[in-house]
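To start, the structure itself, in structure tokens.
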């Protein structure tokens, strides 16, 4: 127990980023945030991505003058605890941050599950929490007043494929209602959210749902569903089955020579569909929260491309790979706090909560504006199409770097 407490105290050591100062030259005061985040356990990889995003944002904000409230300036300081990827531990640590460390503002943990564990605690103590890693829409139907998320929620992950198909139909002189949609998803909350979003958006265009199926439990064989796809001949095939489902879908669509003009799936990169399946993955559409080629921009981080470049300079371990969207959205969450504090003009947490709720901000990560339920309604999901083995942004159209290949050969 003593060794555990020592380890916890090391993990919990606060991080202060310097740089900003008062006009007379002395350092800005600390503005303390708290975060229980996964530094060990099954979510550790992405938890570290998120923590790095927090740290980078604090550094950039400090370099740009810190947080200005009245005639004072502040730099963010974060107290971290390792939740070990366990929900009950995350909730306990949130209590500790609030009751023992006196934290009045929280940055979120990694994953929807961990956010669901912590949100009741922050709500109980009326602590504003800006989170960047919990996408489940079920977080935003409980009436929470202190929870805000910068990322797009799960029902939006592949809904943008429907909009893209409607746009393509119009270009061909067709009515979007002529588009036929097939949906095959895993029977889990995340994928069922995706299904709900797709069906809702398809309904807006009066598209025909010609197939609506659940994937098999083990996700290793989709032959029965793909046989039905051949029969109903959809224009759009939507698949959500996490990494294993993505791998099976790409492999078997290729092996069985399934001809569908548009195939859109989740978890392409996690399944490494380009590395594992080569040409079978060509022109598949893959969802992501953010990409460095988007034309988003803000005064602190610059463009999305500039964010990636400067982040890699600060964290060389990312040099040979793309900056994860988990990192980018974590930085965006810190930026939301800066903006809210300055608009509130006070450290009063109720005033800060109200300022967060009124956020209307364009960032390198995209637009951020919260609904009355706390979810971000200003940023669409991004669709990238695999073209020549590269992931190229094709939607939303206004921010696309490449043209959509349609129909998929």
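In this note's numbering, the protein residues as written are 56 to 464. The beta-carbon is built from N, C-alpha and C at its ideal position, and this holds for glycine as well.
**Prompt:** Are the beta-carbon atoms of residue 290 and residue 234 separated by less than 9 Å?
**Reply:** yes
**Rounded distance between the beta-carbons of residue 254 and residue 340, thought under 8 Å** = About 18 Å separates the two Cβ atoms, so there is no contact after all.
**Asked** Is the segment 178-195 in contact with the segment 155-166, if contact means three or more CB pairs nearer than 8 Å?
**Response** yes
**Message:** Buried or exposed, going by whether 16 or more other CB atoms sit within 10 Å of the CB of residue 86?
**Reply:** buried
**Prompt:** What is the rounded straight-line gap between the Cα of residue 400 and the Cα of residue 248?
**Reply:** 38 Å
**Sequence-distant residues of the same chain with beta carbon closer than 8 Å to residue 59, five excluded per side** = Here residue 59 scores only 44 on pLDDT, less than 50, and its place in the model is too uncertain to base an answer on.
**Request:** Within the same chain, show all residues whose beta-carbon is closer than 6 Å to that of residue 314, passing over the 5 residues directly before and after it, in chain order.
**Result:** none
**Prompt:** Would you call the segment 264-283 and the segment 208-224 in contact, with 3 or more CB pairs under 8 Å?
**Reply:** Flag = no, the segment 264-283 and the segment 208-224 do not touch.
**Request:** With a 10 Å radius around its C-beta and 16 neighbouring C-beta atoms as the bar for buried, classify residue 369 as buried or exposed.
**Result:** Result: exposed.
**Prompt:** Start and end of the beta strand (DSSP E) containing residue 440?
**Reply:** 437-442
**Prompt:** Is DSSP giving residue 432 helix, strand or coil here?
**Reply:** coil
**Request:** Taking all protein chains shown into account, decide if residue 155 is buried (16 or more other Cβ within 10 angstroms of its Cβ) or exposed.
**Result:** Residue 155 is exposed by the Cβ-count criterion.
**Message:** I'd like to know whether the C-beta atoms of residue 305 and residue 237 end up nearer to each other than 9 Å.
**Reply:** No, Cβ-Cβ distance for residue 305 and residue 237 is not below 9 Å.
**Prompt:** Which residues share a DSSP beta bridge with residue 269?
**Reply:** 240
**Asked** Would you say residue 281 and residue 307 are within 9 Å of each other, going by their C-beta atoms?
**Response** yes
**Asked** What's the gap between the Cα of residue 119 and the Cα of residue 355?
**Response** Residue 119 and residue 355 have their C-alpha atoms roughly 7 Å apart.
**Asked** Considering only C-alpha positions, which residue in the set 243, 278, 413 and 230 is nearest to residue 261?
**Response** The candidate whose alpha carbon is nearest that of residue 261 is 230.
**Prompt:** How many Å lie between residue 460 and residue 243 at the Cα?
**Reply:** 31 Å
**Prompt:** If you check the beta carbons only, do residue 96 and residue 139 fall under 9 Å apart?
**Reply:** yes
**Asked** How about residue 12 and residue 98: do their beta carbons lie closer than 9 Å?
**Response** The structure shown has nothing for residue 12, since the chain only spans 56 to 464.
**Message:** Given this structure, state the Cα-to-Cα distance separating residue 421 from residue 147, to the nearest angstrom.
**Reply:** 33 Å
**Request:** Mind the definition here: the segment 376-393 touches the segment 100-109 only if three or more C-beta pairs lie below 8 Å; say whether that holds.
**Result:** yes
**Request:** Going by CA-CA distance only, name the one from 188, 416 and 150 that's closest to residue 179.
**Result:** The residue with the shortest Cα to Cα distance from residue 179 is 150.
**Message:** What does the Cβ neighbour count give for residue 175, buried or exposed, with the cut at 16 atoms within 10 Å?
**Reply:** exposed
**Item:** Reference residue 479, options 92, 117 and 194, closest by Cα
**Value:** This structure cannot settle anything about residue 479, because the visible part of the chain is limited to 56 through 464.
**Between the CA atoms of residue 131 and residue 71 - distance to the nearest angstrom** = Summary for residue 71: the model assigns pLDDT 43, below 50, so the residue's position carries little reliability; its value from the coordinates is reported in the next sentence. Between residue 71 and residue 131, the alpha-carbon positions lie close to 7 Å from each other.
**Message:** Using only the alpha-carbon positions, how far apart do residue 347 and residue 425 sit?
**Reply:** Their Cα atoms are separated by approximately 23 Å.
**Prompt:** Is DSSP giving residue 234 helix, strand or coil here?
**Reply:** In the structure shown, residue 234 sits in coil (DSSP, three-state: anything other than H, G, I, E or B).
**Whole-Å CB distance - residue 210 paired with residue 251, under 8 Å assumed** = About 5 Å separates the two Cβ atoms, so the contact holds.
**Prompt:** The alpha helix (DSSP H) with residue 113 in it runs from where to where?
**Reply:** Taken as a continuous stretch (DSSP letters only), the alpha helix (DSSP H) holding residue 113 covers 99-118.
**Euclidean distance between Cα positions of residue 52 and residue 384** = Lying outside 56 to 464, the shown extent of the chain, residue 52 is not represented and no answer is given.
**Prompt:** Taking Cβ to Cβ, would you say residue 152 is nearer than 9 Å to residue 89?
**Reply:** yes
**Request:** Check whether the Cβ atoms of residue 274 and residue 284 lie closer than 9 Å to each other.
**Result:** no
**Item:** Cutoff 7 Å; reference residue 444; Cβ partners in own chain excluding five residues on either side
**Value:** 329
**Asked** Is it right to say residue 272 is buried, meaning 16 or more other beta carbons lie within 10 angstroms of its own, or is it exposed?
**Response** It is exposed - the Cβ of residue 272 has fewer than 16 other Cβ atoms within 10 Å.
**Message:** Relative to the C-alpha of residue 125, which candidate in 84, 218, 416 and 316 has its C-alpha closest?
**Reply:** The shortest C-alpha separation from residue 125 is found at 84.
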